[in-house]
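Position 87, counted from 1, in the sequence shown is what our numbering calls 241; the numbers after and before it change by one each time, with no gaps. Structure record follows, encoded as structure tokens.
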Amino acid sequence: GKYQLIHIALHGVAEDKIIDNVKLYFKNPVKGIDSLYGFDLLDFPIQNTNVVLSSCQSAGGKNLNFEGPFSLARYFIANGAPNVCAAYHKVDDRISSQYFKYFYLYLYQNPNDFKGAYFYARNQTNGINNIPTEAIPFKLFSR
């Protein structure tokens with residue numbers, strides 16, 4: 155395909171006290187709610203596929219000195235993703251929709267420039283919509 159991208163938009167939780175308690179929530183018709191933990195991702199290699207995590211706290215997790223946070227973003231990077239766009243705090247739907255409108259507009263025109271899409275979306279969301287940069291929860295993680 156033209157794009158090497160996975161976009162996940164689910165509820166996410168990151169516990170900052172327990173190292174492996176970062177997860178995404180799925181609706182399961184049998185069990186109700188099911189979880190995918192960060193360490194579960196290590197079983198599914200995703201070489202050369204960029205990842206967008208439009209999920210609350212997907213960049214958060216227990217922070218260890220000299221290692222940084224054990225986040226969902228970290229697990230995707232460890233599993234082969236060259237770039238991950240993830241959120242440090244809650245994702246506001248209005249801000250998220252504006253951000254990803256610009257992100258995908260740029261990526262459509264520049265399919266191999268994931269980092270450029272990240273920065274373009276931040277600048278456009280901040281500049282055109284007067285949304286303060288600190289209110290945009292998405293951060294870029296790269297190998």
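Note that the Cβ used here is the ideal one computed from N, Cα and C, for glycine as well.
CA-to-CA distance, residue j to residue i, given in whole angstroms
i, j, result
"I172", "I290", "26 Å"
"L207", "L178", "10 Å"
"C210", "D267", "24 Å"
"F292", "I249", "10 Å"
"T287", "P199", "33 Å"
"L239", "P183", "Strictly speaking, residue 239 in this sequence is Cys, with Leu absent from that position. If I take the Cα positions, the gap works out to 29 Å."
"L218", "F224", "8 Å"
"Y229", "F193", "7 Å"
"I162", "I231", "15 Å"
"S212", "Y274", "21 Å"
"Y262", "K244", "27 Å"
Helix, strand or coil at residue i [DSSP, three-state]
i, result
"L235", "The sequence given here has Ala at residue 235, not Leu. Coil."
"D247", "helix"
"F268", "helix"
"I282", "helix"
"N277", "helix"
"A227", "helix"
"A213", "coil"
"K255", "helix"
N- and C-terminal bounds of the beta strand (DSSP E) containing residue i
i, result
"D194", "First-last for D194: undefined, no H or E at that position."
"I160", "159-162"
"P223", "222-224"
"K181", "176-182"
"A289", "No beta strand (DSSP E) contains A289, which DSSP labels as neither H nor E."
"N204", "204-207"
Sub-8 Å separation of residue i and residue j beta-carbons
i, j, result
"A235", "N264", "no"
"Y272", "F257", "yes"
"Y170", "G222", "In the sequence as displayed, the identity of residue 170 is Asp instead of Tyr. Not in contact: D170 and G222 (Cβ atoms no closer than 8 Å)."
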